[in-house]
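Visitor: Protein chains in written order, with the UniProt record's numbering: chain L, 1 to 218; chain Z, 1 to 218; chain E, 1 to 219; chain B, 1 to 219. Glycine included, each C-beta is placed from N, C-alpha and C at the ideal position. Bear in mind that the values here come from a model prediction, so they are computed numbers and not experimental data.
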Amino acid sequence: MDKIIGINEVVQHFKDGMTVLYGGFMGVGTPAGLVKCLLDSGACKLTLVGNDTAFPDTGVGPLIVKKRVGKLVTSHIGTNPETGRQMIAGELEVELVPQGSLAERVRCGGAGLGGVLTPTGVGTIVEEGKTKLCFDGKEYLVERPIRGDIALIKARKADRSGNLVYERAARNFNPLMALAADLVVVEADELVDVGELDPECIVTPGVVVHKIVVTGGL
Amino acid sequence: MDKIIGINEVVQHFKDGMTVLYGGFMGVGTPAGLVKCLLDSGACKLTLVGNDTAFPDTGVGPLIVKKRVGKLVTSHIGTNPETGRQMIAGELEVELVPQGSLAERVRCGGAGLGGVLTPTGVGTIVEEGKTKLCFDGKEYLVERPIRGDIALIKARKADRSGNLVYERAARNFNPLMALAADLVVVEADELVDVGELDPECIVTPGVVVHKIVVTGGL
Amino acid sequence: MSAKPMDPKHIIAARVARELHDGDVVNLGIGLPTLVPNHLPPDIRITLQSENGFLGLAPLEGDPVPGLVNAGGQPCGMQAGGVFFDSAMSFVLIRGGHVDVTVLGALQVDQQGNLANWMVPGKMVPGMGGAMDLVTGARHVIVAMEHCTKDGGAKILKQCNLPLTAKSRVNKIVTELAVFRIDPGHGGLVLEELQAGISLDQVRRCTEAEFRISPDCQL
Amino acid sequence: MSAKPMDPKHIIAARVARELHDGDVVNLGIGLPTLVPNHLPPDIRITLQSENGFLGLAPLEGDPVPGLVNAGGQPCGMQAGGVFFDSAMSFVLIRGGHVDVTVLGALQVDQQGNLANWMVPGKMVPGMGGAMDLVTGARHVIVAMEHCTKDGGAKILKQCNLPLTAKSRVNKIVTELAVFRIDPGHGGLVLEELQAGISLDQVRRCTEAEFRISPDCQL
């Protein structure tokens, strides 16, 4: 059950039309090596789910620029002009989701929950097509779960069993995405032996991680 | 804004009829000093919300035994025979909630969410009185938020700003309760200076903590 | 670590152990299910999830460690590579399908895969604890119990009459007499195996539920 | 740390700073709001929340630190006592009322307290990012913006016509001309203060919304 693989072994897991969850916020915390590998795989018509599309040359930006994405579920596209251009030209389907609702939807996907009730978006166009419930005079939108076929995760350190810790604000969506996909692939800066990470400080438990690529020295 | 108080200053915050959230699992992770203080305060008709009622002489057990509790929201009462006796005698109102749903309900209370949709309890008596939604052929119960007037939290270490770390499995419900009450009171084994706790490993951010009692040496 | 071959509990635990696969994440209920790890062959390594908030539950070795207790509140140990988390995360793992197998006892189980194990109205109401989430969320639900009540009454029924823990979620029943699987969707109990020295007749006498017999079942 | 007194942005930021209290947890939007901390008196210490996942945002000092960036993705610093967490926790804090104040810009704001700041249909659609959650969840919502558009058009309207960020959630509007509060429930904008050297007339000319004048407003 060795989870450690070479970067070349990742490519076989990418397929046209798959739903890809990715960590990162403005590219910080997005696994650059795995994104490059996905790009090199030639897979297209992807559905991407993540906080933003970073900049044209960082994070998942290049996947947008090279037109590998058919649908995007995200909270912010303002820093990558190509995303907005493709959206307005009708080349790319974009679902904009409030950032907190996106986090909860992915969390639900990983948690076996059927959704959450949030006040965010009530009275705005985010309501459209969503079930609305009212309790104690307050309205909520039902935000439904999101899951992916694969999650691309960037970690600071992984142990050999897949336990992960992150690096400062590069944590962001990574721990959520790591719970919500059928295949969880991690790019780690550093690999350590099982037992080296403090059990109180591990953020993502190894039991949810399937494959680890180490970019730093082994 | 000094949050450090003596144990004698806690008593003024207890009032008859208030809703008290408490951390702990079978008493492990329940702040014994704060519970004793609540007991000594004489406050009664309390609503308690926590995982279980531990044993008659541990955790919140003594509050039950001394009949200070009017209502209890919990997942398990099997280890404290007095809880079951009072419930069956009609002296104590008990709402039994599946443990995972209890965790999510308290989380919702702290997260500004109006509830979650869970498959847990569908087809059981837990359904009673709850809104049921069906999506993609699967049924879910809407589990609604829980908040408290006060939360009693047990931490391993606190820094002076209220950042908290816990001790192994004594973490359990504590971080959830600490987000869901108007007044959050912590009993910490040890107080450290701001900056001593690793920002990657802090579980509860100090901004949600109001008062800290230190039981170990200062 | 000694298995007493004649004790029904150990017969059951040993048989449940054969249902587990290397790498499985497993949550074990209180009592009988906790005996299962003693019966695992050395090449099958599992990770135990403890619903009070950690992965890597292990037997206590040496003195108790502060805060390190199992879901019964008893001191325990932890494997290298274990992880602590809060109760919400614990049930994210349980409900979210990250626990491969849960093994728990039952008051009643029926041929639709319904399970009742948390209350006897008016008598015994311990509460469901984490059981409802475990049975709802774990990928594979194994009921491990003695075949009959202390009084010899049937526990494997046509239909549970005690309040349910979850509906149609049980995949397998292991007793000291037999092993059944429940065909999901098809409803219906299938006898897969008789324990050593047990006759089909014995099983029929102790089982209220109707069951088919698997072609693979050695009678 | 230098405040240029004649720059509208700094006039606005300085006035917003006076709305903050010692101990406040504050989330600042991109642009103008980030100038606010420069104008805080030394006895007012606030904690900045950064929606990408931490508390204790501080200006960059020295070289960038790996992974330490603000919500614009730019390198920043961190106060002692800061805490990192994931995006779900970040918005638990935001939506759950644990952020005392959010300060953000607006394309439009109206006399019902509606805010529009995330898209111009067919033209500019950056997305809402965290703004909808911030405006919905923060205890106190301050819009900090220049009073008019670049073309001199009104931004404080009777009713927003751009897609809303949130409904009836704005508590205060601070511009280089004036300070308004919005009475929750009562609907209705109240002029609380004119900036130094600004006349009521000037404010009326630049404001489409109807507003009352607070008895405390010095004209």
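1. Against B:K158, what residues of chain L qualify as contacts under a CB-to-CB distance less than 9 angstroms, listed in chain order?
2. Reducing DSSP to helix, strand and coil, say where B:G81 ends up.
3. With a CB to CB cut of under 6 angstroms and the five nearest residues on each side skipped, what residues in its chain are close to B:V203?
4. Starting from Z:G100, trace the alpha helix (DSSP H) both ways and give me its first and last residue.
5. Buried or exposed for B:M132, please, with buried defined as at least 16 other CB atoms from any protein chain shown within 10 angstroms of its CB.
6. Who pairs with E:L211 in a beta bridge, going by DSSP?
7. Interface residues of chain B around L:L176 at Cβ under 7 angstroms?
8. Grouping DSSP H, G and I as helix and E and B as strand, with all else coil, what is B:M124?
9. Please classify B:M145 as buried or exposed, where buried requires at least 16 other C-beta atoms within 10 Å of its C-beta.
10. Of all Cβ atoms in chain L, is any one closer than 8 angstroms to the Cβ of Z:Y22?
11. Indicate the three-state DSSP secondary structure (helix, strand or coil) for L:L38 in the structure shown.
12. Is DSSP giving Z:I64 helix, strand or coil here?
13. Would you check if the distance between the CB atom of B:D86 and the CB atom of L:P145 is smaller than 8 angstroms?
14. What does Z:T124 touch in chain E if you count any residue whose Cβ is under 8 angstroms from its own?
15. To be precise: take each residue of the stretch 93-118 of chain B, compare its Cβ to all Cβ atoms of chain Z, and keep it if any distance is under 7 angstroms. Which residues remain?
16. Which of the three DSSP states, helix, strand or coil, is assigned to B:S2?
17. To the nearest angstrom, report how far apart E:N70 and Z:T79 are at their CA atoms.
18. Taking Cβ-Cβ distances shorter than 8 angstroms, what residues in chain L pair up with B:F54?
19. B:M145 touches chain L at which residues, Cβ-Cβ below 7 angstroms?
20. Near L:G114, what residues of its chain come up, given a Cβ to Cβ distance below 8 angstroms and the 5 sequence neighbours on each side ignored?
21. Helix, strand or coil for L:G148? Go by DSSP, reduced to three states.
22. From L:F135 to Z:R105, what does the alpha carbon distance come to, in whole angstroms?
23. Inspect the CB distances between the stretch 123-132 of chain Z and the stretch 8-20 of chain Z and report whether three or more fall short of 8 angstroms.
24. State yes or no: is the beta carbon of Z:A54 nearer than 8 angstroms to at least one beta carbon in chain L?
25. Comparing C-alpha positions only, which one of B:K123, B:W118, B:L194, B:Q49 sits nearest to B:F180?
26. Check whether chain Z comes within 8 angstroms of E:T136, counting only Cβ atoms and requiring the distance to be less than that.
27. Let me make sure I understand the geometry here. Which of Z:A170, Z:R147, Z:Y140, Z:G59 has the alpha-carbon closest to that of E:K167?
28. With respect to the beta strand (DSSP E) encompassing B:V16, which residues constitute its N-terminal and C-terminal limits?
29. Suppose only complete runs of 3+ residues qualify. What are the beta strand (DSSP E) ranges in the stretch 10-37 of chain Z, listed by chain order?
30. With a threshold of 7 angstroms on Cβ separation, who are the neighbours of E:F84 within its own chain once the five nearest residues in sequence on each side are excluded?
31. If you draw a straight line from the alpha carbon of E:L60 to that of Z:P98, how long is it in whole angstroms?
32. Using a Cβ-Cβ distance cut-off of 8 angstroms, determine whether L:A188 contacts chain B.
33. Determine the burial state of E:R139: buried for a count of at least 16 other Cβ atoms within 10 Å of its Cβ, exposed for fewer.
34. What is the DSSP secondary structure of L:T47, counted as helix, strand or coil?
35. Between E:A17 and E:Q111, is the Cβ-Cβ spacing less than 8 angstroms?
36. Going along the chain, which residues of its own chain have a beta-carbon closer than 8 angstroms to the beta-carbon of L:L183, five neighbours each way excluded?
Guide: Taking the geometry as given:
1. Taking the first residue of the fourth sequence as position 1, residue 158 of chain B is located at position 158. Simply none; closest approach about 17 angstroms.
2. Stepping through the fourth sequence from its first residue, residue 81 of chain B is reached at position 81. In the structure shown, the three-state DSSP call for B:G81 is strand.
3. On the fourth sequence, position 203 is the one that residue 203 of chain B refers to. These residues qualify, in order along the chain: L177, A178.
4. The residue given as residue 100 of chain Z occupies position 100 in the second sequence. In the DSSP annotation of this structure, the continuous segment of the alpha helix (DSSP H) that includes Z:G100 starts and ends at 99-111.
5. One-based indexing of the fourth sequence puts residue 132 of chain B at position 132. Here B:M132 is buried: its Cβ has 16 or more other Cβ atoms, across all protein chains shown, within 10 Å.
6. Here residue 211 of chain E is taken as the residue at index 211 of the third sequence, counted from 1. The sequence given here has Phe at residue 211 of chain E, not Leu. DSSP, once it has assigned bridges, lists E:L189 as partnering E:F211.
7. What you label residue 176 of chain L is simply residue 176 of the first sequence in a count that begins at 1. In chain order, D86, S87, A88 make up the part of chain B whose C-beta sits under 7 angstroms from the C-beta of L:L176.
8. Within the fourth sequence, the letter at position 124 stands for residue 124 of chain B. Residue state, collapsed to three classes: strand.
9. As a first step, residue 145 of chain B must be located in the fourth sequence, where it is residue number 145. A residue is called buried when at least 16 other Cβ atoms come within 10 angstroms of its Cβ; B:M145 meets this threshold and is buried.
10. Indexing the second sequence from 1 puts residue 22 of chain Z at position 22. No, Z:Y22 lies away from the interface with chain L (no Cβ there is under 8 angstroms from its Cβ).
11. On the first sequence, residue 38 of chain L is found 38 positions in, with the first residue counted as 1. Under the three-state reduction of DSSP, L:L38 is assigned to helix.
12. Residue 64 of chain Z sits at position 64 when you count from the first residue of the second sequence. Looking at Z:I64 - three-state DSSP - the assignment turns out to be helix.
13. Your numbering for residue 86 of chain B matches position 86 in the fourth sequence. Your numbering for residue 145 of chain L matches position 145 in the first sequence. No, Cβ-Cβ distance for B:D86 and L:P145 is not below 8 angstroms.
14. Position 124 of the second sequence, counted from the first residue, corresponds to residue 124 of chain Z. Neighbours of Z:T124 on chain E, chain order: M132, P163, L164, T165, A166, K167.
15. For the stretch 93-118 of chain B, the set of positions with a beta-carbon nearer than 7 angstroms to some beta-carbon of chain Z reads R95, G96, G97, H98 in chain order.
16. On the fourth sequence, position 2 is the one that residue 2 of chain B refers to. The predicted model places B:S2 with a pLDDT of 49, which falls under 50 and marks its position as unreliable; any figure quoted below should be read in that light. Three-state DSSP puts B:S2 in coil, outside helix and strand.
17. Residue numbering aside, residue 70 of chain E sits at position 70 when the third sequence is read from its first letter. Residue numbering aside, residue 79 of chain Z sits at position 79 when the second sequence is read from its first letter. Spanning the two alpha carbons is a distance of roughly 14 angstroms.
18. Sequence index remark: in the fourth sequence, residue 54 of chain B carries index 54 (1-based). The contacting residues are R168, A169.
19. Mapped onto the fourth sequence, residue 145 of chain B falls at position 145. Simply none; closest approach about 17 angstroms.
20. Position 114 of the first sequence, counted from the first residue, corresponds to residue 114 of chain L. So the qualifying residues of the chain are C108, R144, P145.
21. Along the first sequence, read from residue 1 onward, the residue named residue 148 of chain L stands at position 148. Here L:G148 carries a strand assignment [DSSP, helix/strand/coil].
22. For the purposes of this step, residue 135 of chain L is taken as residue 135 along the first sequence, with counting starting at 1. For the purposes of this step, residue 105 of chain Z is taken as residue 105 along the second sequence, with counting starting at 1. Looking at the backbone, the Cα of L:F135 and that of Z:R105 are separated by about 14 angstroms.
23. Too few Cβ pairs lie closer than 8 angstroms, so no.
24. If you number the second sequence from 1, residue 54 of chain Z lands on position 54. Not closer than 8 angstroms to any Cβ of chain L, the Cβ of Z:A54 fails to qualify, so no.
25. Within the fourth sequence, the letter at position 180 stands for residue 180 of chain B. It is B:L194 whose Cα lies nearest to the Cα of B:F180.
26. On the third sequence, position 136 is the one that residue 136 of chain E refers to. So yes, E:T136 belongs to the interface.
27. In the third sequence, the residue the question calls residue 167 of chain E occupies position 167. Among Z:A170, Z:R147, Z:Y140, Z:G59, the Cα nearest to that of E:K167 belongs to Z:Y140.
28. Taking the first residue of the fourth sequence as 1, we reach residue 16 of chain B at position 16. For B:V16, no beta strand (DSSP E) run applies; the uninterrupted alpha helix (DSSP H) run containing it begins and ends at 8-17, by DSSP.
29. Inside the stretch 10-37 of chain Z, DSSP marks whole beta strand (DSSP E) runs of 3 or more residues at positions 19-22, from first to last along the chain.
30. Counted from its first residue, the third sequence places residue 84 of chain E at position 84. So the qualifying residues of the chain are G53, F54.
31. Along the third sequence, one-based indexing puts residue 60 of chain E at 60. Along the second sequence, one-based indexing puts residue 98 of chain Z at 98. The alpha-carbon of E:L60 is positioned some 28 angstroms away from that of Z:P98.
32. Within the first sequence, residue 188 of chain L is the residue found at index 188, counting from 1. The beta-carbon of L:A188 is placed no less than 8 angstroms from the nearest beta-carbon of chain B.
33. Reading the third sequence from its first residue, position 139 is the one you call residue 139 of chain E. So E:R139 counts as exposed.
34. Position 47 of the first sequence holds residue 47 of chain L. Strand at L:T47.
35. Along the third sequence, one-based indexing puts residue 17 of chain E at 17. Along the third sequence, one-based indexing puts residue 111 of chain E at 111. No, these two residues do not count as a Cβ contact at 8 angstroms.
36. Within the first sequence, numbered from 1, the residue matching residue 183 of chain L stands at position 183. A distance below 8 angstroms between beta-carbons, with the five flanking residues on each side excluded, links L:L183 to the following residues of its chain, in chain order: H13, D149, I150, A151, H210, K211.
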